[in-house]
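J.: Just passing along the structure, written as structure tokens.
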Amino acid sequence: MAEYESIHGTRVRYLTSDPTLTDSSTEGQVWYNSTSGVNKSLVQIKAWSSGGNLPTATNNNGSATQAPQSTALSFGGGATTSQTIEYNGYAWTTSGNLGTGRFVLSGAGVQTAALGFGGYRHPPGVFENATEEYDGSSWTAGGNLGTARASMGGNGTQTAALAVTGAPLSPGTQCEEYGGTSWTAGGAYPVAQQSIAVAGPQTAALGAGGISGGPENGSTLVCNYDGSSWTVVSGTIPNGQNRAAYAGTQTHAVVFGGNINTPPPAGPGTPGIVTTATNEWDGSTFAITANMATARQSYAGGGTATAAIGFAGDKNPGASNDTEEYSSNILSPRTGVWAASTNLPGTRDNGSVSQSGTTSAAYYAGGSNPGAPYTPDTPTIEYNGSSWTAGGNLSTGRISAGSGGTLTAGLTWGGFQGPGVGDNTNTTEEYNGTSWTGGGNLPTPQRECYGDGTQTDSIFGGSFGAPNVTALKYDGSSWTAISNLPAGRFGAAGAGNSSAFVLAGGAPNKTTLEWNGSSWGAGGDVPTSPLFAMAAGGTQTSALFYGGEGGSPSGLLAGTFFYNGTAMESRSNMTQSQSTDNSGDAGSCLAIGGGSPAISVEEWDESAAGTATASTLTTS
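Sequential numbering of the sequence shown, starting at 23, is according to this note's numbering.
Pasting the structure below:
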């Protein structure tokens, strides 16, 4: 065996304690811990976690297999033959139906540009050659397959897809390529198969597993496609995994769940075992990695080899509505949980809050009683981490005002005063922990101009009513106009300050914008429909967005998203759907009021990302 030094270029370190492990640059690092007397190394963290359930249990459904984990697409299936549903990272919603309902069909593409093809229709009991194209809302007819069949391996894009093998009556070798309007013959698969896994694009695909003979005779074959011909490679997939879901590329893929061969002495033709197994391909070999929580076959999935998703399927017996998400990372992912905190002393809704306060030092000012909607209140209540007590009253009662600051240096601006009193207000008030005093007025009366910041440095964009492009910043004495938003909106949520701010959600769109102190630019969007009246807190590169309006049937939402400065990451849902108010930052905050009942308070506690796991090395 080669020595570690000759492979890694350095000697194994002799340490009294484990080193700080912060990023992927330390992957594979080996050291000797003299205190515990063991050799240790840094390894990847690989695990499955639960996602949002599908509205209906189904199996043999198609999917857009190259879709990102948070934008998966499911269509057709045994119990929902024409239904199309979209995933946003935490929940599924229905969309336009397939033109031809069917199951055991295949798919390719992404949520906004997908392809569904083949399958079986019963009644009348026929194999389909129909192809349909999806634009994010509806399906239209595309070019028919040359051979009607089901149980194919499918992947690629809407304009460059693969349909590999399949079963009109018995496994086949057919391979067809879609060019955006029609299918043409590709290179034949080396062995007649059905229910194989196909990962990667049309010109560089991986084929693995499948059924090659009698009932559940799973194949261990692995092949590569170069755009014209298939080649058998030396690696094999364990236990002839078939009817599985899959994600990734020709050089890095995962195949998960499905059916595997029964161990000896049972032989070919013996019904296999529904499995939780996940196998990871590195371009030459498959290796077993983290098991799924639920064993199932004949289901769908997508994503990448490090961020995959599997959903629906047959649990044998019975169809499933489960969704599971796979993560493979050097560093542990951020995790967090919502828990009930101390309720408000009375029902309140749409008040001003200490945006940058803590969970043990927060204020809630104004708002209204849901029993008397749109009747502004002036009281301020203060939170110490366990109980609420009365603070100083606002000079002007207001609903849906912007706010920022802390318990002892708070800020509120604008808001709704109620019919007959001028509707919206342009006043600004500052809080010192005891009383409110007047600050610099807004140029015009506004409400739902939500933002963030401190008493001397706050910012907001948009306003109520017809979507507004207005954006302003506060310096402790006056409001100043900054560059307008690229497009008008109202009811958006924001986090940060006047030099680094992120704005997300609102109506009429869901796009995320970032302010760098001089201009607006696009950020990573919220993976769901437009969200109105979310809560938000934190900084531009570490923000939490949660709750809001826009869902059904109640109209309120429970989704939680972490913004890392580039993209939105899904987090655990709130315990109840609510249009809420915020106090705190991305790691620790309060969701105050806005639910049913409107006295509820929830507290978020999130671990920071970046914890790496060291494994003990053993000998055998």
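Heads up, the beta-carbon is just placed ideally off N, CA and C, and yes, glycines get one too.
As an exercise, report each continuous beta strand (DSSP E) stretch of at least 3 residues that is fully enclosed by the segment 135-168, in chain order.
T.: For the segment 135-168, whole beta strand (DSSP E) runs of length 3 or above, ordered along the chain, are 135-139, 153-156 and 161-163.
J.: Can you tell me whether residue 288 is helix, strand or coil according to DSSP?
T.: Here residue 288 scores only 48 on pLDDT, less than 50, and its place in the model should not be relied on; the value that follows carries that caveat. Residue state, collapsed to three classes: coil.
J.: Just confirm the distance between the C-beta atoms of residue 232 and residue 177, as a whole number of angstroms; I'd bet it's less than 8 Å.
T.: Contact flag wrong, Cβ pair sits at about 14 Å.
J.: Report yes if the C-beta distance between residue 96 and residue 110 is below 8 Å; otherwise report no.
T.: no
J.: Can you check whether the CB of residue 555 is closer than 8 Å to the CB of residue 15?
T.: Because the chain is modelled from 23 through 642, residue 15 falls outside the range shown and cannot be assessed.
J.: What number of angstroms, rounded off, separates the C-alpha of residue 406 from the C-alpha of residue 458?
T.: 19 Å
J.: Going by other Cβ atoms of all chains shown within 10 Å of its Cβ, with 16 needed for buried, is residue 330 buried or exposed?
T.: Its Cβ being crowded by 16 or more others within 10 Å, residue 330 is buried.
J.: Run the CB neighbour count on residue 375, radius 10 Å, all protein chains shown included, and call it buried at 16 or more, exposed below.
T.: buried
J.: For residue 100, which residues of its own chain have a beta-carbon under 7 Å away from its beta-carbon, when the five flanking residues on both sides are left out?
T.: If we look at residue 100 and ignore the five residues flanking it on each side, its Cβ neighbours are 80, 81, 82, 125 and 341.
J.: Could you check where the beta strand (DSSP E) with residue 68 kicks off and where it finishes?
T.: Taken as a continuous stretch (DSSP letters only), the beta strand (DSSP E) holding residue 68 covers 67-72.
J.: Assign residue 566 to one of two classes, buried (16 or more other C-beta atoms within 10 Å of its C-beta) or exposed (fewer than that).
T.: buried
J.: Could you check what DSSP says for residue 81 in three-state terms: helix, strand or coil?
T.: Residue 81 sits in coil when the DSSP states are folded into three classes, being neither helix nor strand.
J.: Measure the alpha-carbon distance for residue 139 versus residue 536 and round it to whole angstroms.
T.: Those two C-alpha atoms are separated by around 40 Å.
J.: So, are the CB atoms of residue 343 and residue 75 less than 8 Å apart?
T.: yes
J.: Identify whether residue 261 lies in helix, strand or coil by the three-state DSSP scheme.
T.: helix
J.: Does DSSP put residue 575 in a helix, in a strand, or in coil?
T.: Residue placement at residue 575 cannot be trusted, given a pLDDT of 49 that sits under 50; what the coordinates show is reported in the next sentence. Of the three classes helix, strand and coil, the one that applies to residue 575 here is coil, per DSSP.
J.: Would you tell me roughly how many angstroms separate the C-alpha atoms of residue 133 and residue 243, rounded to the nearest one?
T.: 30 Å
J.: Who are the near neighbours of residue 163 in its chain, counting only those whose CB is closer than 8 Å to its CB and skipping five residues on each side?
T.: By the criterion of a C-beta distance shorter than 8 Å, residue 163 is surrounded in its chain by 121, 152, 153, 154 and 155, once the five residues flanking it on both sides are discounted.
J.: Give me the DSSP bridge partner(s) of residue 590.
T.: Residue pairing from DSSP places residue 590 in a beta bridge opposite 585.
J.: For my contact list, residue 414 and residue 428 are in at a C-beta cut-off of 8 Å; report their separation, rounded to the angstrom.
T.: In fact, because the Cβ distance is near 15 Å, the residues do not count as touching under 8 Å.
J.: How big is the Cα-Cα spacing for residue 603 and residue 465?
T.: 25 Å
J.: Quick one: Cα of residue 195 to Cα of residue 67, how far?
T.: 38 Å
J.: By how many angstroms is the C-alpha of residue 311 removed from the C-alpha of residue 259?
T.: 13 Å
J.: Using a Cβ-Cβ cut-off of 6 Å (strictly less than) and excluding sequence neighbours within five positions of residue 287, which residues of its own chain qualify?
T.: A caution first: residue 287 carries a pLDDT of 44, below 50, which makes its placement in the model unreliable, though a value can still be read off. Around residue 287: no qualifying Cβ.
J.: On a Cα-Cα basis, can you pick out the residue from 69, 38 and 70 that is closest to residue 57?
T.: 38
J.: How many whole angstroms separate the CB atoms of residue 185 and residue 250, which I take to be in contact at a CB cut-off of 8 Å?
T.: Going by Cβ atoms, the distance from residue 185 to residue 250 rounds to 16 Å, so no, they are not a contact pair.
J.: According to the Cβ coordinates, are residue 381 and residue 118 closer than 8 Å?
T.: no
J.: Can you tell me the Cα-Cα spacing of residue 436 and residue 446, whole angstroms?
T.: 7 Å
J.: Does the beta-carbon of residue 601 have 16 or more other beta-carbons within 10 angstroms, so that it is buried, or is it exposed?
T.: buried
J.: Kindly indicate which residue of 397, 579 and 609 has the alpha-carbon position closest to the one of residue 115.
T.: 579
J.: Helix, strand or coil: how does DSSP classify residue 93 here?
T.: helix
J.: Which word fits residue 568, buried or exposed, when buried means at least 16 other C-beta atoms lie within 10 angstroms of its C-beta?
T.: buried
J.: Short of 8 Å in beta carbon distance, which residues of its chain neighbour residue 183, apart from the five on each side in sequence? Order them along the chain.
T.: These residues qualify, in order along the chain: 130, 131, 137, 139, 176, 177, 199, 200 and 224.
J.: Exposed or buried, residue 450, counting other C-beta atoms within 10 Å across all chains shown (16 or more means buried)?
T.: Buried: at least 16 other Cβ atoms inside 10 Å.
J.: What residue range does the beta strand (DSSP E) around residue 439 cover?
T.: 438-440
J.: Under the three-state reduction of DSSP, which class applies to residue 327: helix, strand or coil?
T.: coil
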